[in-house]
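Reading through the structure tokens given below for one structure.
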Amino acid sequence: MEKLFVRFATLTAKVAGKPWTFIACVGIVLVWAISGPIFQFNETWQLVINTGTTIVTFLMVFLIQNTQNRDGAAMQAKLDELVFAVKQADARFIGIEHLTEAELDAILAEVEKRGLAVQAGKPAKPIRGKPGLRADQIEAEQPKAATPARTRKKA
Numbered sequence: 001m002e003k004l005f006v007r008f009a010t011l012t013a014k015v016a017g018k019p020w021t022f023i024a025c026v027g028i029v030l031v032w033a034i035s036g037p038i039f040q041f042n043e044t045w046q047l048v049i050n051t052g053t054t055i056v057t058f059l060m061v062f063l064i065q066n067t068q069n070r071d072g073a074a075m076q077a078k079l080d081e082l083v084f085a086v087k088q089a090d091a092r093f094i095g096i097e098h099l100t101e102a103e104l105d106a107i108l109a110e111v112e113k114r115g116l117a118v119q120a121g122k123p124a125k126p127i128r129g130k131p132g133l134r135a136d137q138i139e140a141e142q143p144k145a146a147t148p149a150r151t152r153k154k155a
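The sequence shown begins at 1 in the UniProt record's numbering and counts up one residue at a time.
Right, here's the structure in full:
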């Protein structure tokens with residue numbers, strides 16, 4: 001069921017973003033507006049467009065939000081992988097989308113300072129604080145585990 005919904009949401013988001021979909025919607029509104037005098041601009045005539053647009057908007061919010069959530073998660077995973085792959089990159093940036101607003105604002109302020117310095121022709125400085133450790137660095141710092149006595153070979 002979930003895969004079917006994902007395919008439907010993705011297809012709907014793609015179709016909704018096309019120029020022809022917008023033109024079709026404008027056409028529907030024009031036909032409705034032109035039909036106003038025929039129906040004497042009565043309450044039923046107004047109710048048709050109000051109900052139709054409300055239903056479509058309500059459903060589209062959920063479909064488009066689903067698509068954006070998946071796209072955002074995929075983008076974060078890709079960026080985290082790039083940060084991980086670039087050995088000079090600060091590992092603290094991996095997973096920063098889970099930080100609080102204040103924590104993100106502090107990092108953004110530091111990054112913006114660095115950007116302004118680079119644009120002014122100054123060398124880039126690292127972000128304040130201790131850089132994040134990578135798994136290979138953590139493993140290198142760990143003491144070697146002692147081999148249990150029963151698995152040691154006797155000489």
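Quick reminder that beta carbons are idealized off the backbone N, C-alpha and C, glycines included.
query, result
"N50 - DSSP class collapsed to helix/strand/coil", "helix"
"Touch test, the region 96–110 against the region 45–58, Cβ-Cβ under 8 Å, three pairs minimum", "no"
"Nearest-angstrom beta carbon gap, V86 and F93 [assumed within contact, 8 Å]", "In fact, because the Cβ distance is near 10 Å, the residues do not count as touching under 8 Å."
"Proximity of R134 and A106 at Cβ, strictly below 7 Å", "no"
"Presumed contact (8 Å Cβ cut-off) between T57 and A9, rounded CB distance", "So it is not a contact: roughly 15 Å between Cβ atoms."
"Range covered by the alpha helix (DSSP H) that runs through T12", "2–16"
"Proximity below 7 Å, CB of I64 to CB of A13", "yes"
"Collapsed DSSP secondary structure at Q40 in the structure displayed", "coil"
"Neighbourhood of A120 by C-beta distance below 7 Å, restricted to the same chain and skipping five residues each side", "none"
"Limits of the unbroken alpha helix (DSSP H) element including F22", "19–34"
"Extent of the continuous alpha helix (DSSP H) run through G115", "101–119"
"Residues near V15 by beta carbon distance below 6 Å, same chain, minus five either side", "T21"
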